[in-house]
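Asks:
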Amino acid sequence: MNIRVTALPLALGLLVLTVLVALSLGPITIPLAELPHNLVVHNIRLPRVLVAALVGAALATSGALMQTIFHNPLADPGIIGVSSGAALGAVLTIVSGATFLGMWTLPAGAFIGALVTVTIVYLIASTRKAGDPATLVLVGMAITSFIGAVISAAVANAPQDSDLRSVMFWMNGDLVARTWAHVSVAVLPILVGLALAVALSRDLNILLLGEATAQSSGLNIKRLRVCVLVLAAVMTATAVAVSGTISFVGLVVPHLIRITLGPDHKLLLPLAGVLGATFVVAADIVARLLFQPVVLQTGTVVAFIGSPVFLYLLLRTRNSRKGLGL
């Protein structure tokens, strides 16, 4: 059996199973036969699970895209500061009370923050001295620290105390009280972003061969990079707007796919979307059930898993990046 052929169907099956478990388990266990008609499922659990799946798919795919564009296995929206940039845009939108785009105001603010941040990171990464993977991580840490200071200042001077607590709690990645409104905000930008990312698979595969080879084949590298960075910014911003900052999803999932199935983007990108969704939904199950009735933040559970993987990758990349196809 060719694992590359069966990987995506198996991943889809795992996602469906994880979603069913997430819908069934909770303070009240609901039998599978009752799921389609249960009000608790429809009004509370299903929106939360859908948001978790969309966020996971967006972050994992964004991570895979960034790793290719930056030629860096440590590139992740959370680690290099893009999620923090999106969070800053969202927080400034909340604090200012802006509503000029209705329900799209918060995602728009997050997108602007993410786009500005990813542009800064890309410009720094383009310099010769920033080519080392660890250097990009340090740049991300510096950007994240600076943005954290700006957010703290904005929150400290905000007029409405009621919003501040929710902002600080939301900053750590939270899926509590997700509703159909959050699903409606996230579904279109993320699904369109995922489809466009998969459509770029061939060009991204060519880029893996080296810039000289890519240019000789007629690939417009600058245009590809702009498209990829905008896509990553849109998906990351949308994810942050509905869930807060959840790090390491874009690091863990693409890395595991690359070391098991290789760097082919025609498989990597759709598989990253499916497994990213599965990962965050599973993490949310753990967050809800591990210490009942206390509910952990989903971002906390993901960080417990992602931090050791990040440390392993950081040590591994000091020796070689060849195993990841980057």
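If you read the sequence shown in the working numbering, its first letter stands for residue 2, the second for the next number, and so on. Glycine is no exception: its CB is placed at the ideal position from the N, C-alpha and C atoms.
Please list, in chain order, all residues of the same chain as Leu102 whose beta carbon is under 7 Å from its beta carbon, the five residues on each side excluded.
Replies: Excluding sequence neighbours, Leu102 sits near Ala109.
Asks: For Phe305, name the three-state secondary structure that DSSP assigns.
Replies: Looking at Phe305 - three-state DSSP - the assignment turns out to be helix.
Asks: Check whether the stretch 118-130 touches the stretch 198-206, counting contact only when three or more Cβ pairs, one atom from each stretch, lie closer than 8 Å.
Replies: They do not touch, by the three-pair rule.
Asks: Tell me whether the stretch 282-292 and the stretch 48-61 touch, counting them as touching only if at least three CB pairs, one residue from each stretch, are closer than 8 Å.
Replies: Yes: the two stretches touch, three or more of their Cβ pairs being nearer than 8 Å.
Asks: Comparing C-alpha positions only, which one of Glu35, Leu270, Leu124 sits nearest to Gly57?
Replies: The residue with the shortest Cα to Cα distance from Gly57 is Leu270.
Asks: With the cut-off set at 8 Å, would you say Ile70 and Val229 are in Cβ contact?
Replies: In this structure, Val229 lies closer than 8 Å to Ile70 by Cβ.
Asks: Our contact map puts Val355 next to Ala61 with C-beta atoms below 8 Å; I'd like the distance itself, whole angstroms only.
Replies: Absent from the structure is residue 355, since the part of the chain shown begins at 2 and ends at 327.
Asks: Tell me the DSSP secondary structure of Leu21 in three-state form.
Replies: It is helical.
Asks: With C-beta atoms as the reference, is Ser1 less than 8 Å away from Leu176?
Replies: The structure shown has nothing for residue 1, since the chain only spans 2 to 327.
Asks: Using the C-alpha atoms, what's the distance from Leu210 back to Thr180?
Replies: Answer to the nearest angstrom: the Cα atoms are 44 Å apart.
Asks: Threshold first: 4 residues or longer. Then list the alpha helix (DSSP H) segments lying entirely within the stretch 55-139, N to C.
Replies: Runs of the alpha helix (DSSP H) inside the stretch 55-139: 83-97, 106-126.
Asks: Between the Cα of Ala196 and the Cα atoms of Ser97, Leu268, Ala178, which residue gives the shortest distance?
Replies: Nearest of Ser97, Leu268, Ala178 to Ala196, Cα basis: Leu268.
Asks: Would you grab the beta carbon distance between Ile148 and Leu220 for me? Rounded to a whole angstrom, and I think it's under 8 Å.
Replies: Between Leu220 and Ile148 the Cβ distance is about 33 Å, and since that is not below 8 Å, they are no contact.
Asks: Bridge partners of Phe249, per DSSP?
Replies: Per DSSP, none; premise fails for Phe249.
Asks: What separation, rounded to the nearest whole angstrom, lies between the Cα atoms of Ala304 and Ala65?
Replies: If you take the alpha carbons of Ala304 and Ala65, they lie about 18 Å apart.
Asks: Report the option in Ala242, Gly277, Ala233 whose CA atom is closest to the CA atom of Val254.
Replies: Nearest C-alpha to Val254: Gly277.
Asks: Grouping DSSP H, G and I as helix and E and B as strand, with all else coil, what is Val295?
Replies: Three-state result, Val295: strand.
Asks: Would you give the residue range spanned by the alpha helix (DSSP H) that Ile45 belongs to?
Replies: From DSSP, Ile45 is part of no alpha helix (DSSP H); its letter is neither H nor E.
Asks: Just to confirm the assignment, what range does the alpha helix (DSSP H) spanning Arg179 have?
Replies: Looking at the DSSP string, Arg179 is not in any alpha helix (DSSP H), and its letter there is neither H nor E.
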